[in-house]
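Count along the sequence shown starting at 1, add 357, and that's the number in this note's numbering.
Inspection log for the structure reproduced underneath, given as structure tokens.
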Amino acid sequence: MDEPSYQVGKIKLELGDYERAAELFDDAIKKKPNDARVWLEKGRALSRLGESREAMACFDKALELGLSKVKESRALSEKGWTLFRERKYEEASQFLDCSLEIDQGFAEAWCLKGTILIQDDIRRYKDALTCFDNTIEILKENPNSQWVELAREGKEIAEHKLMEQKNMAEGEKPDDAKKPQSKRFFKRLFG
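Quick look at the structure:
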């Protein structure tokens with residue numbers, strides 16, 4: 358799309374100016390209401406602003422209008438991301454599974470899926486390790502990617518939690534001195 362408000366909106370979104378990005382995407386929607394990509398990007402901006410219901414409606418509209426397979430996978434992953442932020446882990450996981458069915462090479466979706474699986478409500482640490490390993494493998498040509506760094510940190514947390522489970526099953530107390538900094542991990546993930 359050549360629409361300037363769409364292009365500037367994408368830049369604002371990447372820079373973290375979510376309110377301005379949403380406004381610019383609104384302008385683009387007024388000019389091209391049937392462009393699914395604009396709806397997807399508006400949904401991303403609204404999700405980052407914590408406006409989950411509105412974001413989900415935008416993702417639904419984008420999917421309804423039709424997206425390329427890559428963008429469809431992105432929209433489903435964004436729905437998962439939005440639900441994750443609301444701590445609706447099971448629903449979020451389902452959308453990420455759908456995203457990954459379409460695009461097995463979507464590293465961000467793998468990383469987010471792993472992040473869901475290490476939540477105390479879920480505790481599927483072995484599956485989380487697989488997700489984080491997939492992220493790292495997909496991005497092996499870009500080892501300094503933020504997603505690789507997050508996957509490595511998530512993997513460290515999952516490994517620690519697995520060890521904690523094993524130790525507790527054997528009657529040992531967890532060693533907090535070796536506990537990874539999960540607060541730092543989640544702060545980096547959520548910005």
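Here a beta-carbon is modelled for each residue, glycine too, at the ideal position from N, C-alpha and C.
Residue i and residue j closer than 8 Å at C-beta
i      : j      : result
PHE567 : SER430 : As shown, the chain starts at 358 and ends at 548. That puts residue 567 outside it, with no answer to give.
LEU469 : GLU516 : no
GLY511 : ILE475 : yes
VAL395 : PHE416 : no
ALA393 : LEU370 : no
Run of the alpha helix (DSSP H) containing residue i, from where it starts to where it stops
i      : result
SER425 : No alpha helix (DSSP H) holds SER425; DSSP gives it neither H nor E.
ILE495 : 482-495
PHE382 : 375-388
PRO361 : 361-372
ARG444 : That residue, ARG444, is in no alpha helix (DSSP H); it is neither H nor E in DSSP.
LYS518 : 503-526
Cα-Cα separation between residue i and residue j, rounded to whole angstroms
i      : j      : result
GLU443 : LEU433 : 16 Å
ALA466 : LEU453 : 6 Å
ALA379 : LEU420 : 18 Å
PHE489 : TRP504 : 9 Å
ASP384 : SER362 : 6 Å
THR472 : GLU398 : 23 Å
Sequence-distant residues of the same chain with beta carbon closer than 6 Å to residue i, five excluded per side
i      : result
LEU440 : GLU448 and ALA449
SER404 : ALA412 and THR439
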